[in-house]
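Chemist: Protein chains in written order, with this note's numbering: chain X, 322 to 509; chain Y, 322 to 509.
Dropping the structure in here first, questions after.
Protein chains: 2
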Amino acid sequence: MKKSLGAKALVFPTPVWIIGSYDKSGKANAAAVAWGGVCCSRPPCVGISLRKATYSYGNIMDKKAFTVNVPSEKYVKEADYFGLVSGKNEDKFARTKLTPVKSELVDAPYIKEFPLILECRVINTVEIGLHTQFIGEILDIKAEENILGKDGLPDIEKVKPFLYDPEVYTYHGVGKRLGSAFSIGKQL
Amino acid sequence: MKKSLGAKALVFPTPVWIIGSYDKSGKANAAAVAWGGVCCSRPPCVGISLRKATYSYGNIMDKKAFTVNVPSEKYVKEADYFGLVSGKNEDKFARTKLTPVKSELVDAPYIKEFPLILECRVINTVEIGLHTQFIGEILDIKAEENILGKDGLPDIEKVKPFLYDPEVYTYHGVGKRLGSAFSIGKQL
Numbered sequence: 322m323k324k325s326l327g328a329k330a331l332v333f334p335t336p337v338w339i340i341g342s343y344d345k346s347g348k349a350n351a352a353a354v355a356w357g358g359v360c361c362s363r364p365p366c367v368g369i370s371l372r373k374a375t376y377s378y379g380n381i382m383d384k385k386a387f388t389v390n391v392p393s394e395k396y397v398k399e400a401d402y403f404g405l406v407s408g409k410n411e412d413k414f415a416r417t418k419l420t421p422v423k424s425e426l427v428d429a430p431y432i433k434e435f436p437l438i439l440e441c442r443v444i445n446t447v448e449i450g451l452h453t454q455f456i457g458e459i460l461d462i463k464a465e466e467n468i469l470g471k472d473g474l475p476d477i478e479k480v481k482p483f484l485y486d487p488e489v490y491t492y493h494g495v496g497k498r499l500g501s502a503f504s505i506g507k508q509l
Numbered sequence: 322m323k324k325s326l327g328a329k330a331l332v333f334p335t336p337v338w339i340i341g342s343y344d345k346s347g348k349a350n351a352a353a354v355a356w357g358g359v360c361c362s363r364p365p366c367v368g369i370s371l372r373k374a375t376y377s378y379g380n381i382m383d384k385k386a387f388t389v390n391v392p393s394e395k396y397v398k399e400a401d402y403f404g405l406v407s408g409k410n411e412d413k414f415a416r417t418k419l420t421p422v423k424s425e426l427v428d429a430p431y432i433k434e435f436p437l438i439l440e441c442r443v444i445n446t447v448e449i450g451l452h453t454q455f456i457g458e459i460l461d462i463k464a465e466e467n468i469l470g471k472d473g474l475p476d477i478e479k480v481k482p483f484l485y486d487p488e489v490y491t492y493h494g495v496g497k498r499l500g501s502a503f504s505i506g507k508q509l
């Protein structure tokens, strides 16, 4: 028997992604988001949602570009900090001592120290309610060589991304491998 | 120095959610999606993306409703199976021996055996490319009592959801707690 918990934005897993953008003066900003996900395979696109009140919202509306930066577990404090304060009031890169690198593909900065980054061009914005969703076409993915597996693809156990637990407000790491997709279901 | 991997829909983490829907004849279907995420807090909304070719696409376009069902690790084979075959050709509930329960809020079935489910009414559809995104307002969340923590909220370590690793095609569980959100960043 299931218990009703009401209408909430609560589901597992949700990501912890740091969104890179530039303001009109060219200052790099970084903001933490958990409201996001891949939304198309061809063209490859990711959707991220922001409130209008955020500094990143104005930046991305203006530049039509953002980056998605996937932090490793070792950057959990920095990632949390990016969600604690607004770029209107603080230079978040100065405080975290992380390094913004100008993308050559889009007018947005990515975070040098993070293992996996996506460079995105905004192709659509969707007004939903408190949040606006920015749909970004992924023009390139860049990864540190030391997180690549033998297949040349990012190895999730080396990237060590983490999850956000909405409402409970905790972060969790990635656990053990459970099986191969499009494969273990054949054992049913 | 980062290596370019090209334009791909590859980022961590992505969820494994099973989407419940009814066809015109009232037959329950379930499909696995990894392209999805929360997209608004107020009203609480989740976005999921489907290809037009899928059976669920037609069902959801017709009924304007779906459920998001979060599987536990113990259902990894069933979840994978839901992504292996089409409801056009198979009765997926019969094969998995899982139980569709008619939602009282929306015209879609949820999965009785899964610990956490969301009942969603479609409020928008966004044509992106190969995939169409359905934005569903979350009208209620329902959870099994045995996965609730002391705070009355779902405990991610009891739910045991899992992640999909795109391109590499593997599933991973949830790992250890790393810290409190909106808190540990203050230690910077």
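Every residue, glycine too, gets a C-beta built ideally from N, C-alpha and C.
1. Residues of chain X with CB under 7 Å from D428 of chain Y, in chain order?
2. With 8 Å set as the bound, which would you pick, yes or no: does the beta-carbon of F483 of chain X sit closer than that to a beta-carbon of chain Y?
3. Where does the unbroken beta strand (DSSP E) through R363 of chain Y begin, and where does it stop?
4. Are the beta-carbon atoms belonging to V480 of chain Y and W356 of chain X less than 8 Å from one another?
5. Would you mind giving the Cβ-Cβ distance between F503 of chain X and D486 of chain Y, rounded to the nearest angstrom? I have them listed as a contact below 8 Å.
6. Nearest by alpha-carbon distance to E478 of chain Y: which of X:M322, X:K323 and X:F333 is it?
7. K398 of chain X to P482 of chain X, Cα distance in whole Å?
8. For a contact meaning CB atoms closer than 7 Å, what does C360 of chain X contact in chain Y?
9. What are the start and end residues of the beta strand (DSSP E) that includes I444 of chain Y?
10. Report the option in X:K348, X:A353 and X:S346 whose CA atom is closest to the CA atom of W338 of chain X.
11. Taking K497 of chain Y as the reference, which of X:S370, X:T446 and X:E394 has the closest Cα?
12. Jot down the residue ranges of each uninterrupted beta strand (DSSP E) in the segment 391-426 of chain X, minimum 3 residues, whole runs only, in chain order.
13. Leaving out five residues on either side along the sequence, give the residues of the same chain with a beta carbon under 6 Å from the beta carbon of L437 of chain X.
14. According to DSSP, simplified to helix, strand and coil, what is D486 of chain Y?
15. Buried or exposed, going by whether 16 or more other CB atoms sit within 10 Å of the CB of Q508 of chain X?
16. Within 8 Å of any Cβ in chain Y, is that where the Cβ of R498 of chain X sits?
17. Counting contacts by CB-CB distance shorter than 8 Å, is E394 of chain X in contact with chain Y?
18. In three-state terms, what does DSSP make of G470 of chain X?
19. Apart from the five residues just before and just after L460 of chain X, which ones in its own chain have a Cβ nearer than 8 Å to its Cβ?
20. Can you tell me where the beta strand (DSSP E) with D461 of chain Y in it begins and where it stops?
21. Are the segment 365-373 of chain Y and the segment 407-421 of chain Y touching by the rule of at least three beta carbon pairs closer than 8 Å?
22. Mind pulling the chain X residues with CB within less than 9 Å of I459 of chain Y?
23. Determine the closest residue to S501 of chain Y out of X:G404, X:T417 and X:S377, with distance taken between C-alpha atoms.
24. Is the Cβ of G347 of chain X closer than 8 Å to any Cβ of chain Y?
25. Can you list the residues of chain X that K324 of chain Y reaches, using a CB-CB cut of under 8 Å?
26. Just list the residues that DSSP pairs F333 of chain X with in beta bridges.
Modeler: Let me lay it out:
1. Within chain X, no C-beta atom comes less than 7 Å from the C-beta of D428 of chain Y; the nearest is roughly 17 Å away.
2. Yes, because at least one Cβ of chain Y sits closer than 8 Å to the Cβ of F483 of chain X.
3. Counting along the chain, R363 of chain Y falls outside any beta strand (DSSP E), and DSSP gives it neither H nor E.
4. Contact: no.
5. So it is not a contact: roughly 12 Å between Cβ atoms.
6. Of the candidates X:M322, X:K323 and X:F333, the residue whose Cα lies closest to the Cα of E478 of chain Y is X:F333.
7. 13 Å
8. W356, G368, S370, I449, H452 and Q454
9. It spans L437 to E448 - the beta strand (DSSP E) in which I444 of chain Y sits, taken as one unbroken run.
10. X:A353
11. Checked all of X:S370, X:T446 and X:E394; the closest Cα to K497 of chain Y is X:E394.
12. 421-423
13. V391, A464, P475 and V480
14. strand
15. exposed
16. yes
17. yes
18. coil
19. L426, V427, E440, C441 and R442
20. H452 to E465
21. no
22. A328, K329, A330, L331 and V332
23. The candidate whose alpha carbon is nearest that of S501 of chain Y is X:G404.
24. no
25. K463, A464, E465, E466 and L469
26. Per DSSP, none; premise fails for F333 of chain X.
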